[in-house]
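Take the working numbering: the last position of the sequence shown gets the number 886, and nothing is skipped along the way.
Everything below concerns the one structure shown next.
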Amino acid sequence: MENVLKKIVDKKKEKIEIYKKTYLENKLIEDIKNIKNFVNFKDKIKKRNVEKKISIIGEIKKASPSAGTIVENFDPLNIAKMYIENGVSFLSVLTEENFFLGKLDHI
């Protein structure tokens, strides 16, 4: 498994270097400021803990390095709706492209 993790990290480092050359830092900061539905993960976990509620993270991913493709007709929006309807506290959406077949558009 260590080799797979190293491959994922190495590939991501390559993509980040390319991204840094094409995306201006000021633009990134502006985009982050414009996020409308930001939820502070740490604050929400603390609040749920005080309320004695369990926090569940629902993971949305099309594939994994160990299992290959998990969902053929992958519809992340439908999966998110299903999780929310069933009481999931948070969503984790894998966007890594090479090993998990994710996309930023899945968010």
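C-beta atoms are modelled at their ideal positions from N, C-alpha and C, and glycine is treated no differently.
Predicted, not measured: the structure shown is a model, and the values here were computed from it.
Within 8 Å, strictly: CB atoms of K831 and L880: Here residue 831 corresponds to residue number 52 of the sequence shown, with the count starting at 1. Here residue 880 corresponds to residue number 101 of the sequence shown, with the count starting at 1. No.
Reference G837; option with closest CA among L856, N852, N828, N816: In the sequence shown, residue 837 corresponds to position 58, counting from 1. For G837, the nearest C-alpha among the options comes from L856.
Going by the beta-carbon positions, is the gap between V790 and N877 smaller than 8 Å? Looking up residue 790 in the sequence shown gives position 11. Looking up residue 877 in the sequence shown gives position 98. In the sequence on display, residue 790 carries Lys and not Val. Their beta carbons are under 8 Å apart, which means K790 touches N877 by this criterion.
Residues bridged to G847 (per DSSP): For the purposes of this step, residue 847 is taken as the residue at position 68 of the sequence shown. Paired residues: S843.
Excluding five sequence neighbours on each side, which residues of the same chain lie with their C-beta closer than 8 Å to the C-beta of T874? For the purposes of this step, residue 874 is taken as residue 95 along the sequence shown, with counting starting at 1. Here the set comprises G881, K882, L883, H885, I886.
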